[in-house]
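Just below is one structure, and these are the notes that go with it.
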Amino acid sequence: MSGGSFGQLGRWLFLSLAFVVITAPAAFSQTSTGSIRGYVTDSSGRPIAGARVIAVNPLTSAQREVATQSNGFYALLGLVPAEYDVTARQIGMAPQKLRVRVLIGEVYPLDFKLGATAIQLEAVTIAAARGVETRTSEVATNVSQQQIERLPTSSRNFLDLAALAPGITVAEDRVNMGAGQFTPRNFSSGGSGPGEVNVFIDGASLKNDLTGGEGSGSGVAGQDASRGNPFPRNAVQEYRVITQNFKAEYQKASSAIITATTKSGSNAWHGNAFFGYQNKDLVALDTFAFKGAKPDYSRYLAGLSAGGPLMKDRLFFFGSYEGNYQNRAQDVTIPVPIAGAFPALDTVQFAKYNGNFPSRFRETLLFGKLTYAINDRSSAELSINNRHETDVRDFGGNLSAQSATNYKNDVTLGTLKHTYSTGPWLNEAAVTYTRFERNPTANTADIVHRWYALPGGCCIEIGSYPSPQDFTQKRIGLRDDLTYTGWHRRWGELQSDLHRERELRLSGALSAPLVHGQSLLEGQQCAGRRVHPGRLEPDSPPHVQPGNSVGLRDAHVQL
Numbered sequence: 020m021s022g023g024s025f026g027q028l029g030r031w032l033f034l035s036l037a038f039v040v041i042t043a044p045a046a047f048s049q050t051s052t053g054s055i056r057g058y059v060t061d062s063s064g065r066p067i068a069g070a071r072v073i074a075v076n077p078l079t080s081a082q083r084e085v086a087t088q089s090n091g092f093y094a095l096l097g098l099v100p101a102e103y104d105v106t107a108r109q110i111g112m113a114p115q116k117l118r119v120r121v122l123i124g125e126v127y128p129l130d131f132k133l134g135a136t137a138i139q140l141e142a143v144t145i146a147a148a149r150g151v152e153t154r155t156s157e158v159a160t161n162v163s164q165q166q167i168e169r170l171p172t173s174s175r176n177f178l179d180l181a182a183l184a185p186g187i188t189v190a191e192d193r194v195n196m197g198a199g200q201f202t203p204r205n206f207s208s209g210g211s212g213p214g215e216v217n218v219f220i221d222g223a224s225l226k227n228d229l230t231g232g233e234g235s236g237s238g239v240a241g242q243d244a245s246r247g248n249p250f251p252r253n254a255v256q257e258y259r260v261i262t263q264n265f266k267a268e269y270q271k272a273s274s275a276i277i278t279a280t281t282k283s284g285s286n287a288w289h290g291n292a293f294f295g296y297q298n299k300d301l302v303a304l305d306t307f308a309f310k311g312a313k314p315d316y317s318r319y320l321a322g323l324s325a326g327g328p329l330m331k332d333r334l335f336f337f338g339s340y341e342g343n344y345q346n347r348a349q350d351v352t353i354p355v356p357i358a359g360a361f362p363a364l365d366t367v368q369f370a371k372y373n374g375n376f377p378s379r380f381r382e383t384l385l386f387g388k389l390t391y392a393i394n395d396r397s398s399a400e401l402s403i404n405n406r407h408e409t410d411v412r413d414f415g416g417n418l419s420a421q422s423a424t425n426y427k428n429d430v431t432l433g434t435l436k437h438t439y440s441t442g443p444w445l446n447e448a449a450v451t452y453t454r455f456e457r458n459p460t461a462n463t464a465d466i467v468h469r470w471y472a473l474p475g476g477c478c479i480e481i482g483s484y485p486s487p488q489d490f491t492q493k494r495i496g497l498r499d500d501l502t503y504t505g506w507h508r509r510w511g512e513l514q515s516d517l518h519r520e521r522e523l524r525l526s527g528a529l530s531a532p533l534v535h536g537q538s539l540l541e542g543q544q545c546a547g548r549r550v551h552p553g554r555l556e557p558d559s560p561p562h563v564q565p566g567n568s569v570g571l572r573d574a575h576v577q578l
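In terms of my numbering, the sequence shown is residues 20 to 578.
Structure below.
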């Protein structure tokens, strides 16, 4: 193939890719927003072109407006999950107003029928039921704000509610476990391990690329060796658990995805506070547990959040704090050799290392968010989350409290987003920064670590933790999504065009067939079939599924 042919092929591939990206409104790429779309018709079902469709968030007064196309179609994209008052208006017709709830990652189907009248009537508000998602092949379960607020979990880990989705397994919240029996708080899907999942917060990935690994490791930064929570539950507005058929934008996962959106401030100040306490008297031993004295245990959960306007209708703030403080204990039971049996060990005095010692966990989660409505077409938001925790564990049995490890865990997440919309165009840009550091160090420093082998087993350990480590992962993400919804054809409309074209052709009004107003030349193809002047096969329409987008390029019908 010649160099010119290669160049021409490259140009065609580039134009085809750009065309598909722009003209595919059925495959929106937002990870933390939702959308509304439908048709505006009159009472007889005829489409209304140029009607105004306005969606207003009553909490912030932020609004989005679009005009309907010639076939009555409209699409409101990139909407922050919330309740919206959606109004359709056309001059000389009575407006209609509906209140709907937009969920994260979903397309809400909403059609309007406007009655003809010469008098401007007051809009009627109707509480609409939740729409049925028909625009995606994803298998997903939405966890709403009401569920997050009202369904109790002892640890307040927002991942616990992911178990509402079929096939999701969440690690148990064990109270006390011995050395080497630690189970991190993570989740998995189907038969895969936690390493095959990923979590997105406002579109930013929390994937652990450093220490979790695949399989039994954790796919969420900070969770592969932690009994804490990855993100403050008080700051999560809602999230979506996708278990099958998720799009390629949800990278670094093969089994399940969680995409969450965070809370924002509104025009009214609001907040909450909570405190939870649990101790060993409130926890029962299961059937298989040793029927002895319960080990010491207590857990304190505290939280505070507040949000409101810094500038009415313009600048909003939301902040959240959560604390997770746990006191547990482990028994050290080092066997003490008979005096004189091993004279070299008599000076070690193993008995002084035995006893019951505390295993303390401390976690602090902080979140802050600023939302700025620049104007009716654009908005920006900045959010920062910080997680800091320490966990003293990995001792007990033949391991002395001196050899305990302090697992220090720090995760920082920052997101800056900008949204701009005009007519059928929507642009969403985001810059994200994540930093994950796990730093296991000696809880008691500067003591020589010693190992003593036991007959038929291993081992007695005293002294400081011998292997301090420092794992640090940093990631910067740049993302820009550009969506155009100006081209949209329904199968019924395309079929009607073909019928009108057939009638014109039979009447002799056309010298060549027309498809969407474009003349097809001799020998060109329409959806894989050759079309010649003077002949159109009405029983073989192009293969277009309902709801697909149709555009034109070189007289080809593109799907």
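Beta carbons are placed, not taken as given, at the ideal position from N, Cα and C, and that holds for glycine.
Sequence-distant residues of its chain with Cβ nearer than 8 Å to residue i (five each side left out)
i	result
arginine 396	Tyr439, Ser440, Thr441
glycine 57	Phe92, Tyr93, Pro128, Leu129, Asp130, Phe131
alanine 358	Asp365
Burial state of residue i, where buried means 16 or more other Cβ atoms lie within 10 Å
i	result
methionine 112	buried
lysine 388	buried
glutamate 257	buried
arginine 259	buried
phenylalanine 335	buried
proline 213	buried
threonine 114	Note that residue 114 corresponds to proline in the displayed sequence, not to threonine. So proline 114 counts as buried.
lysine 493	exposed
isoleucine 495	exposed
asparagine 248	buried
threonine 424	buried
alanine 312	exposed
arginine 108	buried
phenylalanine 293	exposed
Euclidean distance between Cα positions of residue i and residue j
i	j	result
serine 48	glycine 186	Unreliable positioning characterises serine 48 in this predicted model, as indicated by a pLDDT of 46, which lies under 50. The coordinate reading is nonetheless provided below. Distance between the alpha carbons of serine 48 and glycine 186: 25 Å.
glycine 241	asparagine 227	7 Å
isoleucine 353	leucine 418	7 Å
proline 356	threonine 366	11 Å
isoleucine 466	serine 483	5 Å
glycine 97	threonine 172	32 Å
aspartate 499	phenylalanine 376	52 Å
serine 283	asparagine 446	21 Å
threonine 87	valine 99	21 Å
leucine 304	arginine 412	21 Å
alanine 461	asparagine 76	52 Å
serine 339	serine 207	27 Å
glutamate 408	valine 162	27 Å
phenylalanine 265	asparagine 217	12 Å
glycine 124	proline 485	47 Å
serine 174	phenylalanine 414	23 Å
Which listed residue (the options) has its alpha carbon closest to that of residue i
i	options	result
asparagine 291	Phe337, Ser163, Arg259, Arg333	Phe337
proline 443	Thr502, Lys271, Glu268	Thr502
isoleucine 110	Ala135, Leu117, Pro100	Ala135
alanine 399	His407, Leu435, Thr409	Leu435
serine 285	Pro328, Asp315, Lys299	Pro328
arginine 122	Arg246, Asn264, Thr281	The sequence shown places leucine at residue 122, not arginine. Minimum Cα distance to leucine 122 is reached at Thr281.
threonine 188	Arg204, Gly496, Arg175	Arg204
proline 474	Leu95, Arg406, Gln368, Phe361	Phe361
alanine 287	Thr50, Ser51, Ala70, Ser80	Ser80
phenylalanine 369	Gly326, Ile479, Tyr452	Ile479
histidine 289	Leu323, Gly295, Asp300	Leu323
serine 63	Val105, Leu133, Gln82	Leu133
Own chain, CB closer than 6 Å to residue i, minus 5 neighbours either side, in chain order
i	result
glycine 342	Ala321, Thr383
arginine 333	Ala392
glutamine 297	Arg318
threonine 18	Residue 18 lies beyond the stretch modelled for the chain, which goes from 20 to 578, so this question has no answer here.
isoleucine 403	Gly387, Gly433
alanine 279	Ile220, Val255, Tyr258
leucine 229	Phe490, Gln492
alanine 448	His437, Asp499
Residue i CB to nearest heavy atom of the ligand GDP below 7 Å
i	result
lysine 427	With respect to the ligand GDP, the structure offers nothing, as it holds no ligand at all.
Own chain residues within Cβ distance below 7 Å of residue i, not counting five before or after
i	result
alanine 184	Thr160, Val260, Thr262
isoleucine 481	Tyr372, Ser419, Gln421, Ser422, Arg469
serine 374	The question names serine, but residue 374 in the sequence shown is glycine. Counting only Cβ-Cβ distances below 7 Å, and skipping sequence neighbours, we find Val351.
leucine 364	Pro356
isoleucine 138	Any answer about isoleucine 138 is weak, because its pLDDT of 49 lies below 50 and its placement is not dependable; what the coordinates show is given next. Closer than 7 Å at the Cβ level, and outside the excluded window around isoleucine 138, lies no residue.
leucine 78	Ala101, Ser285, Asn286
aspartate 300	none
Is it true that the stretch 420-435 meets the stretch 452-468, where meeting means three or more beta-carbon pairs spaced less than 8 Å apart? yes
Inspect the CB distances between the stretch 243-263 and the stretch 172-183 and report whether three or more fall short of 8 Å. yes
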